[in-house]
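Colleague:
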Amino acid sequence: MQRSILAKFTTDSAIINGGVMRFTFKGGGGRQGQTGQPEYFIGVQHKLVLDILQQTKFERPVYYSTSVGDPSWADEYVGLDNYLRLEGMCFRVCPAPQASAIGEGVNEAIMEKTLMTDMAFDEVHNDPNIGLKFRNLNNPKVYYDDVHRGYILNYRNIFYKYATYLLYDKKDTVRAGKVLQRMNQTLSLDLFPLSVMFELQLARFYETCGLQKEADDMAMRALASAEAIMKTPSLRAQESNMPEDAQPELIAADASVIAGKWDLALRYYRQLGQGSTADPILNYKIDEIEIMKKERAKDFAGALAVAEGLRGKYSMMAPDRRTQQAAQELEQHIMTLQRRLGRAPQPAISMVP
Numbered sequence: 002m003q004r005s006i007l008a009k010f011t012t013d014s015a016i017i018n019g020g021v022m023r024f025t026f027k028g029g030g031g032r033q034g035q036t037g038q039p040e041y042f043i044g045v046q047h048k049l050v051l052d053i054l055q056q057t058k059f060e061r062p063v064y065y066s067t068s069v070g071d072p073s074w075a076d077e078y079v080g081l082d083n084y085l086r087l088e089g090m091c092f093r094v095c096p097a098p099q100a101s102a103i104g105e106g107v108n109e110a111i112m113e114k115t116l117m118t119d120m121a122f123d124e125v126h127n128d129p130n131i132g133l134k135f136r137n138l139n140n141p142k143v144y145y146d147d148v149h150r151g152y153i154l155n156y157r158n159i160f161y162k163y164a165t166y167l168l169y170d171k172k173d174t175v176r177a178g179k180v181l182q183r184m185n186q187t188l189s190l191d192l193f194p195l196s197v198m199f200e201l202q203l204a205r206f207y208e209t210c211g212l213q214k215e216a217d218d219m220a221m222r223a224l225a226s227a228e229a230i231m232k233t234p235s236l237r238a239q240e241s242n243m244p245e246d247a248q249p250e251l252i253a254a255d256a257s258v259i260a261g262k263w264d265l266a267l268r269y270y271r272q273l274g275q276g277s278t279a280d281p282i283l284n285y286k287i288d289e290i291e292i293m294k295k296e297r298a299k300d301f302a303g304a305l306a307v308a309e310g311l312r313g314k315y316s317m318m319a320p321d322r323r324t325q326q327a328a329q330e331l332e333q334h335i336m337t338l339q340r341r342l343g344r345a346p347q348p349a350i351s352m353v354p
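Residues 2 to 354, numbered by the working numbering, are exactly what the sequence shown covers, in order.
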């Protein structure tokens with residue numbers, strides 16, 4: 002293909018000078034063959050994608066709709082997982098590898114125009130134009146059947162992917178937070194409820210972005226959902242992405258911590274342990290509440306003092322893995338507090354006799 006086209010998608014001189022696109026073509030139904038190597042079924046739908054790429058040679062853009070499925074598992078992508086770039090509600094196939102925190106590459110300019118720029122209700126174009134209209138997705142007077150409701154998660158995923166990219170690739174908490182705010186303004190939380198796991202995930206995301214009010218509100222939604230499941234266990238069947246080993250008491254406790262409901266968090270953590278003190282990680286979550294109380298009060302020096310005082314209880318040299326894991330979480334929290342106070346992080350030093 003033309004080197005000038007490759008240069009639009011990569012700065013790698015080896016790829017540009019090579020003048021070709023290289024990827025491992027895969028089909029569906031991956032399984033282990035007799036030789037131990039994966040085997041794939043190559044169907045006409047897979048051959049069609051390859052033919053399109055060979056004929057266009059990227060002189061025209063080639064896209065997948067994001068509704069096809071996630072590139073990590075949908076075989077329609079025929080091995081192009083690492084060659085996709087998110088552009089609005091499409092994945093653009095690129096002739097050179099693309100990557101970001103969400104897996105696929107991201108066209109930031111197009112994401113801003115499609116997700117963060119308003120289009121008038123009656124705006125139309127006679128020529129190709131980039132933009133998305135999200136209409137009546139926050140209007141309680143409009144009815145959506147189950148089929149159309151199924152698309153809402155796909156819409157939310159686009160916003161969430163872009164916010165994740167801004168947070169981890171661009172280190173921009175302000176813009177990432179605005180994307181989440183825009184998502185929940187555009188797609189009504191009341192008309193299209195989230196799963197309890199997504200509610201908790203969003204609460205943590207908001208907290209990371211410094212939007213404590215939004216974090217509190219989302220955490221209270223997660224708390225209410227978790228309590229409803231505890232009260233009526235049959236509701237769990239409606240939580241499609243809730244792992245089998247997920248415990249609603251733990252979700253309720255974690256959500257209570259985010260919302261600053263300390264007594265409620267303690268109650269659920271203790272209820273989860275049923276009075277036992279055998280699990281070091283659960284014990285650490287209980288002890289960590291005192292640290293977070295002081296953090297929420299902006300007493301970072303006090304929070305650091307409490308955290309450092311726990312080092313004797315949670316040692317990296319402990320013989321059991323759970324205590325070691327709790328100790329690692331404690332050390333990460335201590336280093337975060339040290340950085341917040343403008344101090345160089347000082348890891349714990351363990352003396353081995």
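Note that the Cβ used here is the ideal one computed from N, Cα and C, for glycine as well.
Enumerate in chain order the residues of its own chain whose CB-to-CB distance from Cys91 is below 7 Å, with the five nearest sequence positions on each side excluded.
Modeller: The answer, listed in chain order, is Tyr64, Tyr65, Ser66 and Thr67.
Colleague: Inspect the beta-carbon positions of Ala220 and Ala238 and report whether they are closer than 8 Å.
Modeller: Result no, Cβ atoms of Ala220 and Ala238 do not sit closer than 8 Å.
Colleague: Suppose the cutoff is 7 Å on Cβ atoms and the five residues either side in sequence are ignored; what does the same chain contact list for Ile285 look like?
Modeller: In the sequence as presented, Ile is not what sits at residue 285; that position holds Tyr. So the list reads Tyr315, Ala327, Glu330 and Leu331, once near-sequence residues are dropped.
Colleague: Assuming Pro39 is part of the beta strand (DSSP E), what are its boundary residues?
Modeller: Pro39 to Phe42 is the extent of the beta strand (DSSP E) around Pro39.
Colleague: Can you list, in chain order, the residues of its chain whose CB lies under 7 Å from that of Ala365, leaving out five sequence neighbours each side?
Modeller: Beyond the ends of the chain as shown, which are 2 and 354, falls residue 365; an answer cannot be given.
Colleague: Using three-state DSSP, classify Arg157 as helix, strand or coil.
Modeller: Helix at Arg157.
Colleague: Check whether the Cβ atoms of Val79 and Tyr166 sit closer than 8 Å, and answer yes or no.
Modeller: No, these two residues do not count as a Cβ contact at 8 Å.
Colleague: In whole angstroms, what is the alpha-carbon distance linking Leu116 and Ile259?
Modeller: Rounded to the nearest angstrom, the two C-alpha atoms are 28 Å apart.
Colleague: State the DSSP-derived secondary structure class of Gly343, mapped to helix, strand or coil.
Modeller: In this structure, Gly343 counts as coil in the three-state DSSP scheme.
Colleague: Nearer than 7 Å: is that true of the beta carbon of Ile282 relative to any heavy atom of the ligand SAM?
Modeller: Absent from the structure shown: the ligand SAM. Ligands present: none.
Colleague: Could you check what DSSP says for Tyr145 in three-state terms: helix, strand or coil?
Modeller: Tyr145 falls in the coil class under three-state DSSP.
Colleague: Check the C-beta distance from Asp13 over to Ala97 and give it rounded, since I have them as a contact under 8 Å.
Modeller: That pair is a contact at about 7 Å.
Colleague: Quick check: the Cα distance between Gly303 and Pro244, rounded to an integer number of angstroms?
Modeller: The straight-line gap from Cα to Cα measures roughly 37 Å.
Colleague: Going by C-alpha distance, which of Tyr207, Ile53 and Lys58 is nearest Gly20?
Modeller: The candidate whose alpha carbon is nearest that of Gly20 is Lys58.
Colleague: Using CA atoms only, rank isn't needed, just tell me which of Gly313, Arg86 and Met198 is closest to Glu109.
Modeller: Checked all of Gly313, Arg86 and Met198; the closest Cα to Glu109 is Arg86.
Colleague: Provide the residue span of the beta strand (DSSP E) that contains Val50, from first to last.
Modeller: Run containing Val50: none in the beta strand (DSSP E); it sits in the alpha helix (DSSP H), Val45 to Thr57.
Colleague: State yes or no: is the C-beta of Glu228 within less than 8 Å of the C-beta of Ala253?
Modeller: Contact: yes.
Colleague: Can you confirm whether the stretch 68-78 touches the stretch 138-148 when touching is taken to mean that 3 or more C-beta pairs between the two stretches lie within less than 8 Å?
Modeller: Counting Cβ pairs under 8 Å, fewer than three are found: no touch.
Colleague: Does any residue of chain D bring its CB to less than 8 Å from the CB of Gly30?
Modeller: The question asks about chain D, but that chain is absent: this structure has only one protein chain.
Colleague: Would you say the stretch 285-298 touches the stretch 260-268, given that touching needs at least three Cβ pairs under 8 Å?
Modeller: Segments in contact, yes.
Colleague: Please report the distance separating the alpha-carbon of Arg150 from that of Asp246.
Modeller: If you take the alpha carbons of Arg150 and Asp246, they lie about 27 Å apart.
Colleague: Does the beta-carbon of Asp147 have 16 or more other beta-carbons within 10 angstroms, so that it is buried, or is it exposed?
Modeller: Exposed, because fewer than 16 other Cβ atoms sit within 10 Å of the Cβ of Asp147.
Colleague: Quick check on DSSP: helix, strand or coil for Gly261?
Modeller: Three-state result, Gly261: coil.
Colleague: Measure the alpha-carbon distance for Ala345 versus Gln339 and round it to whole angstroms.
Modeller: Roughly 7 Å between the two C-alpha positions.
Colleague: Return the residue from the list Phe135, Gln33, Glu60 and Lys114 that minimises the CA-CA distance to Gln3.
Modeller: Considering only alpha carbons, the answer is Glu60.
Colleague: Do you know how far the Cα of Tyr152 is from the Cα of Pro249?
Modeller: Computed Cα separation, rounded: 27 Å.
Colleague: By Cβ distance below 7 Å, which residues in the same chain neighbour Glu208 in space, the five residues on each side in sequence not counted?
Modeller: Closer than 7 Å at the Cβ level, and outside the excluded window around Glu208, lie Ala216 and Ile259.
Colleague: Between Leu1 and Leu267, is the Cβ-Cβ spacing less than 8 Å?
Modeller: The displayed coordinates of the chain run from 2 to 354. Any statement about residue 1 would go beyond what the structure contains.
Colleague: Assuming the contact rule is C-beta atoms closer than 8 Å, Ser226 and Val197 should be a hit. Round their C-beta distance to whole Å, please.
Modeller: About 4 Å; that satisfies the 8 Å criterion.
Colleague: With DSSP run on the structure shown, which of helix, strand or coil describes Gly28?
Modeller: Three-state DSSP puts Gly28 in coil, outside helix and strand.
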